[in-house]
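**Student:** Have a look at this one.
There are 2 protein chains.
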Amino acid sequence: MSAISIGLLGFGTVGKGVYETISKHQGRLQAIFGREVKVSAILVKNVSKHSLPDGEVLLTDNFQEIIELPKLDVVIDAIVGREPGYTYLRQAISRGCHVITANKEMFAFHGRELARLAKHNNVSLGFEATVGGGIPIIQTIKQLLNANKIERIEGILNGTSNFILTSMREENLTFEEALKIAQEKGYAEADPKNDIEGYDAFYKAVVLSELVFGKSPSQETSVREGITGITIEQIRVAASLGLKFKHVASIQKEQETISCTVKPVLTGEAHPLYRVEGVQNAVSIDADIVGNISLQGPGAGMFPTASAIVEDLIHIGKADFPAVFEEGKSEETVLEQPVWVILGDADQAELPEGFETISKVSKDAFIVKASFEAVSLLAPDLKAYQVLGYYAPAAEENKQVQPV
Amino acid sequence: MSAISIGLLGFGTVGKGVYETISKHQGRLQAIFGREVKVSAILVKNVSKHSLPDGEVLLTDNFQEIIELPKLDVVIDAIVGREPGYTYLRQAISRGCHVITANKEMFAFHGRELARLAKHNNVSLGFEATVGGGIPIIQTIKQLLNANKIERIEGILNGTSNFILTSMREENLTFEEALKIAQEKGYAEADPKNDIEGYDAFYKAVVLSELVFGKSPSQETSVREGITGITIEQIRVAASLGLKFKHVASIQKEQETISCTVKPVLTGEAHPLYRVEGVQNAVSIDADIVGNISLQGPGAGMFPTASAIVEDLIHIGKADFPAVFEEGKSEETVLEQPVWVILGDADQAELPEGFETISKVSKDAFIVKASFEAVSLLAPDLKAYQVLGYYAPAAEENKQVQPV
Ligand SMILES: NC(=O)c1ccc[n+]([C@@H]2O[C@H](COP(=O)([O-])OP(=O)(O)OC[C@H]3O[C@@H](n4cnc5c(N)ncnc54)[C@H](OP(=O)(O)O)[C@@H]3O)[C@@H](O)[C@H]2O)c1
Ligand SMILES: NC(=O)c1ccc[n+]([C@@H]2O[C@H](COP(=O)([O-])OP(=O)(O)OC[C@H]3O[C@@H](n4cnc5c(N)ncnc54)[C@H](OP(=O)(O)O)[C@@H]3O)[C@@H](O)[C@H]2O)c1
Chain A
880 MSAISIGLLG FGTVGKGVYE TISKHQGRLQ AIFGREVKVS AILVKNVSKH SLPDGEVLLT
940 DNFQEIIELP KLDVVIDAIV GREPGYTYLR QAISRGCHVI TANKEMFAFH GRELARLAKH
1000 NNVSLGFEAT VGGGIPIIQT IKQLLNANKI ERIEGILNGT SNFILTSMRE ENLTFEEALK
1060 IAQEKGYAEA DPKNDIEGYD AFYKAVVLSE LVFGKSPSQE TSVREGITGI TIEQIRVAAS
1120 LGLKFKHVAS IQKEQETISC TVKPVLTGEA HPLYRVEGVQ NAVSIDADIV GNISLQGPGA
1180 GMFPTASAIV EDLIHIGKAD FPAVFEEGKS EETVLEQPVW VILGDADQAE LPEGFETISK
1240 VSKDAFIVKA SFEAVSLLAP DLKAYQVLGY YAPAAEENKQ VQPV
Chain B
880 MSAISIGLLG FGTVGKGVYE TISKHQGRLQ AIFGREVKVS AILVKNVSKH SLPDGEVLLT
940 DNFQEIIELP KLDVVIDAIV GREPGYTYLR QAISRGCHVI TANKEMFAFH GRELARLAKH
1000 NNVSLGFEAT VGGGIPIIQT IKQLLNANKI ERIEGILNGT SNFILTSMRE ENLTFEEALK
1060 IAQEKGYAEA DPKNDIEGYD AFYKAVVLSE LVFGKSPSQE TSVREGITGI TIEQIRVAAS
1120 LGLKFKHVAS IQKEQETISC TVKPVLTGEA HPLYRVEGVQ NAVSIDADIV GNISLQGPGA
1180 GMFPTASAIV EDLIHIGKAD FPAVFEEGKS EETVLEQPVW VILGDADQAE LPEGFETISK
1240 VSKDAFIVKA SFEAVSLLAP DLKAYQVLGY YAPAAEENKQ VQPV
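Chains A and B, in that order, are what the protein sequence lines are. Numbering follows this note's numbering, in which position 358 of the first sequence is assigned residue number 1237; successive positions increment by one, without gaps. Numbering follows this note's numbering, in which position 44 of the second sequence is assigned residue number 923; successive positions increment by one, without gaps.
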């Protein structure tokens, strides 16, 4: 059988991630599709900037060369901006190609029209990557919507602004200082407006609104407000109340009106978004039968986003998936020695061999590293509990031992 | 077209939830299936205990009467124990019925054989409700597995034991006191062994192991340990280290061996399960391409569990679902007046009409209730931030205003 032929638009962070994932996990894909899955052509703006490992792949700045390929099954949109993405995907759908997009700005504006066209042409339209990067938000919402009516969604949909707010609070930085670090780490663009003014989160909220309620939010009742006004003093006052600033997108329906707001709000400890820190994204979904469900994970980045796109790819033409892959050998996992808190009279305690003491915390608690076997040999008056999420700080920093 | 005919096994918490959900949301189901969805018969142990609103439904203690119904499309298992559930579902599959189960103990032991039979008979087998109640864990894992290899799952899979640990820590209770409250609230059975000794969580972990790795955990490397040994003193020592006890199930593969452990562990602040409190369940999934994703929600209860079962029901015979329901009128949502923190020189501040002051916290912070409109009329030197997850404590308790 001939290979599944993919046209990839864009070869930046997302495009490269998709290309590498498809090459690296060719075995899995072939097991699922029963044939090779191949990127046949890549579209970029500036061909001379790029070089490709595989000489057989067409690299071009001319979309016509791609859309006119003799065989083209799927077009993946990983470029930026409303145009030319929309025009290209319309051409692809008209030709009968399945399409997948990561381009939220384009999809927020033209998603409904593309969905109509795709349905009319009997091709699939994947957009998992447009919201929440690698978190399967779209799929989960579709699944919930089978039985439930969704009443409200609240989400931290932009990792850059969440990173800035987190750094300001944790490291006691000004907005400008935190933004600079975000730029140095590659989380924020040179022009950060899209993220810090809430445009990016708003596009994603529009995609969710269309998915959940079948229409876009009303202009009158919607708000898009950035985080540039938040000061470190305000963050301190909020902290004294046990509250944290979060840049939250919320989408809800009242009567027939959909409202979408993206703005800085204060969250309390029991709110599902309170604990979401750094570049993480999360959504909290209120549904009528099931109640509240929340999902958290990496909201952007090369491989998380590629994972979402490849999941969409696999949906194509497949009604049902094998739950488990039949694959070759699995890689061996090297496990770190686990960390334990030992409770009991530590002063008297004789720790058997194989224990590495990290710190003695009090007269009845030690923190140690030890194998499961060593722990099983402890005296019965000592209780050992494994610690998950433990981070041993670098010795020279001489900080207090801190769990993270 | 004739109705879809369902045989419901069990009419306890879950069975009643399913029955009510199917009745109440008949409109949605008909929109999806294009025909009526009807519970034709209900199996119980003790017929005289029950009365049914709908006289047309057969209520029986004899499964043969159900399996011999002239029309039977789906059998839903909401009874307890390995048998007779297994035998009944085998009979149902052999007759060509689709089957759905919430019965984790049965499914942990016989899931693989039922999957084989279902495949052979070309019927669906739904088991979303066996793990994590209303949280779509099974579906999310299936989805992730399309593109990813899952390396490890950690979860709080039993709400009762998590409720006990949370109450001990938050209310300073002994294990026995916390257990008694759990029983009074209906979270724990009269015989709580299944929950507090980790059997229930272990069954769920076995289901996840089969789903993710295609086999059951190895007896030698697996551990099931309860929380009965945890004392309030230990919880205090852990708290002084910034750690919380959680009863965690973890499933992981090393070389060809699957290990599953259910035991009390200590979690640090950055661990995805640290913040999961009360009867909530959650899973944290590590996958090779996407990284870490976590899901949280109600792990049990009448309607969350029913929601999972109805989602499985809708999967049956449907390859693709409409993302959005075309439904009649939506119910009107009555929104509570939002809560705000007002920052600025509060002493000098003149709050316009329509503000209800909840508390004045410091010289530059108020907590108030006010409409969006009222807030928009504030003087420009005052900044108002909406508070999500706020709980105003009862006045007579005279506690500090506390966000929850
Ligand atoms: N980065 C993420 O983590 C992430 C996550 C989810 C969704 N997304 C979305 O995915 C899309 C791609 O993001 P990215 O981060 O990969 O962007 P990027 O790194 O800036 O890469 C964009 C790529 O698209 C090409 N391109 C841009 N405009 C083009 C045009 N008019 N014609 C042809 N090629 C064009 C560029 O070509 P040159 O290389 O020649 O300049 C480049 O290869 C965006 O819509 C973004 O919103 C990104
Ligand atoms: N409760 C939850 O939140 C939850 C969540 C997820 C999964 N589950 C699972 O769902 C199943 C049902 O749980 P539940 O809480 O609904 O239990 P429940 O309230 O105790 O109800 C059990 C029902 O099954 C019937 N039954 C029990 N054994 C039977 C037998 N041998 N033959 C015929 N009928 C029998 C009982 O009949 P009588 O009424 O006549 O006694 C009762 O109606 C269990 O497997 C449980 O593990 C429960």
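All C-beta atoms in this analysis are idealised placements derived from N, C-alpha and C, irrespective of residue type, glycine included.
Just to confirm, are residue 1097(B) and residue 1129(B) a CB contact at a threshold of 8 Å?
**Tutor:** No, they are not a contact pair.
**Student:** Is there at least one Cβ from chain B nearer than 8 Å to residue 1212(A)'s Cβ?
**Tutor:** Its pLDDT being 36, under 50, residue 1212(A) is placed unreliably in this model, and the value from its coordinates should be taken loosely. Taking Cβ atoms only, chain B reaches closer than 8 Å to residue 1212(A), which makes this a yes.
**Student:** Alpha carbon to alpha carbon, how far is residue 967(A) from residue 960(A)? Give it in angstroms, no decimals.
**Tutor:** Roughly 12 Å separates the two Cα atoms.
**Student:** Do we get a CB-CB distance below 8 Å when we pair residue 1262(B) with the residues of chain A?
**Tutor:** At least one chain A Cβ lies under 8 Å of residue 1262(B).
**Student:** What does the alpha-carbon distance come out to for the pair residue 1062(A) and residue 1046(A)?
**Tutor:** Using only the alpha carbons, I get a separation of about 13 Å.
**Student:** Leaving aside the five residues before and after residue 1143(A) along the sequence, list all residues of the same chain whose C-beta is less than 6 Å from its C-beta, in chain order.
**Tutor:** If we look at residue 1143(A) and ignore the five residues flanking it on each side, its Cβ neighbours are 1106, 1109, 1124 and 1126.
**Student:** Around the Cβ of residue 1216(A), are there at least 16 other Cβ atoms within 10 angstroms (buried) or fewer (exposed)?
**Tutor:** Burial call: exposed.
**Student:** Output, in chain order, the set of chain B residues within a Cβ distance shorter than 8 Å of residue 1173(A).
**Tutor:** Within 8 Å Cβ-Cβ: 1174, 1175 and 1176.
**Student:** Alpha carbon to alpha carbon, how far is residue 1064(A) from residue 1212(A)? Give it in angstroms, no decimals.
**Tutor:** With a pLDDT of 36 at residue 1212(A), under the threshold of 50, the modelled position of that residue is not reliable, and the figure given next carries that caveat. In a straight line, the C-alpha of residue 1212(A) is about 29 Å away from that of residue 1064(A).
**Student:** For ligand 1, I want to know if residue 890(A) counts as a neighbour, meaning its beta carbon is within less than 7 Å of at least one of the ligand's heavy atoms.
**Tutor:** Yes; taking the cut-off as 7 Å, the Cβ of residue 890(A) has a heavy atom of ligand 1 nearer than that.
**Student:** Helix, strand or coil: how does DSSP classify residue 1083(A) here?
**Tutor:** Three-state result, residue 1083(A): helix.
**Student:** Taking contact to mean at least 3 C-beta pairs separated by less than 8 Å, is the segment 1173-1182 of chain A in contact with the segment 976-990 of chain A?
**Tutor:** Taking 8 Å as the limit for Cβ pairs, the verdict is that the segment 976-990 of chain A does not touch the segment 1173-1182 of chain A.
**Student:** So residue 1183(B) contacts chain A; which residues on that side make the cut at Cβ distance below 8 Å?
**Tutor:** Neighbours of residue 1183(B) on chain A, chain order: 1168, 1169 and 1170.
**Student:** Can you say whether residue 1238(B) is buried or exposed, counting buried as having 16 or more other CB atoms within 10 angstroms of its CB?
**Tutor:** The residue is exposed, with fewer than 16 neighbouring Cβ atoms inside 10 Å.
**Student:** Over what stretch of residues does the beta strand (DSSP E) that includes residue 928(A) continue unbroken?
**Tutor:** Element bounds for residue 928(A): n/a, residue is neither H nor E.
**Student:** Going along chain A in order, which residues have a C-beta closer than 9 Å to the C-beta of residue 1116(B)?
**Tutor:** What residue 1116(B) touches in chain A: 1220, 1222, 1240, 1241, 1243 and 1244.
**Student:** In chain order, which beta strand (DSSP E) runs of at least 3 residues are fully inside the segment 1016-1050 of chain A?
**Tutor:** With a minimum length of 3 residues, the continuous beta strand (DSSP E) runs that stay inside the segment 1016-1050 of chain A are 1029-1035.
**Student:** Chain A beta carbons: is any one of them nearer than 8 Å to that of residue 1128(B)?
**Tutor:** Output row for residue 1128(B): interface = no.
**Student:** Report the partner residues of residue 1170(B) according to the DSSP bridge assignment.
**Tutor:** Partner(s): 1166(B).
**Student:** Taking only heavy atoms of ligand 2 into account, decide whether any of them is closer than 7 Å to the Cβ of residue 963(B).
**Tutor:** Under cutoff, so the answer is yes.
**Student:** I'd like to confirm something about residue 984(A): is its beta-carbon nearer than 7 Å to some heavy atom of ligand 1, or not?
**Tutor:** Flag set: Cβ of residue 984(A) near ligand 1.
**Student:** So the candidates are 882(B), 1173(B) and 1169(B); which of them puts its Cα closest to the Cα of residue 1155(A)?
**Tutor:** The shortest C-alpha separation from residue 1155(A) is found at 1173(B).
**Student:** Determine the extent of the alpha helix (DSSP H) in which residue 1265(B) is found, giving its start and end residues.
**Tutor:** Looking at the DSSP string, residue 1265(B) is not in any alpha helix (DSSP H); the run it does join, the beta strand (DSSP E), is 1262-1267.
**Student:** Closer than 9 Å by beta-carbon distance: list the chain A residues that pair up with residue 939(B), in chain order.
**Tutor:** Chain A residues near residue 939(B): none, gap ~27 Å exceeds 9 Å.
**Student:** Quick check: residue 1020(A) and residue 1091(A), are their CB atoms within less than 8 Å of each other?
**Tutor:** For residue 1020(A) and residue 1091(A), yes; Cβs fall inside 8 Å.
**Student:** What residue range is occupied by the uninterrupted beta strand (DSSP E) comprising residue 1098(B)?
**Tutor:** Counting along the chain, residue 1098(B) falls outside any beta strand (DSSP E), and DSSP gives it neither H nor E.
**Student:** Listing by chain order, which chain A residues have their CB less than 7 Å from the CB of residue 1026(B)?
**Tutor:** Correct list: 1186, 1189, 1190 and 1193.
**Student:** Compare the C-beta of residue 1033(B) with all C-beta atoms of chain A and state if any pair is closer than 8 Å.
**Tutor:** Yes, because at least one Cβ of chain A sits closer than 8 Å to the Cβ of residue 1033(B).
**Student:** Can you list, in chain order, the stretches of the alpha helix (DSSP H) that have 4 or more residues and sit fully within the segment 931-1013 of chain B?
**Tutor:** Counting whole runs of 4 or more residues, the segment 931-1013 of chain B contains the alpha helix (DSSP H) stretches 942-946, 964-974 and 983-999.
**Student:** From residue 998(A) to residue 1095(B), what distance separates their C-alpha atoms?
**Tutor:** The alpha-carbon atoms of residue 998(A) and residue 1095(B) are separated by roughly 41 Å.
**Student:** Does the beta carbon of residue 898(B) sit closer than 8 Å to a beta carbon anywhere in chain A?
**Tutor:** So, not an interface residue.
**Student:** Note down the Cα distance separating residue 1244(B) from residue 1160(A), rounded to an integer number of angstroms.
**Tutor:** Computed Cα separation, rounded: 29 Å.
**Student:** Answer yes or no: the CB of residue 1077(A) versus the heavy atoms of ligand 1, is any distance below 7 Å?
**Tutor:** Incorrect: residue 1077(A) has no Cβ contact closer than 7 Å to ligand 1.
**Student:** To which residues of the same chain is residue 1233(B) closer than 7 Å at the C-beta, ignoring the five residues directly before and after it?
**Tutor:** Answer for residue 1233(B): 1249, 1250 and 1253, listed in chain order.
**Student:** Quick check on residue 895(B): does DSSP put it in helix, strand or coil?
**Tutor:** Here residue 895(B) sits in helix by DSSP.
**Student:** Kindly indicate the opening and closing residues of the alpha helix (DSSP H) around residue 1138(A).
**Tutor:** Not the alpha helix (DSSP H): residue 1138(A) falls in the beta strand (DSSP E), residues 1136-1146.
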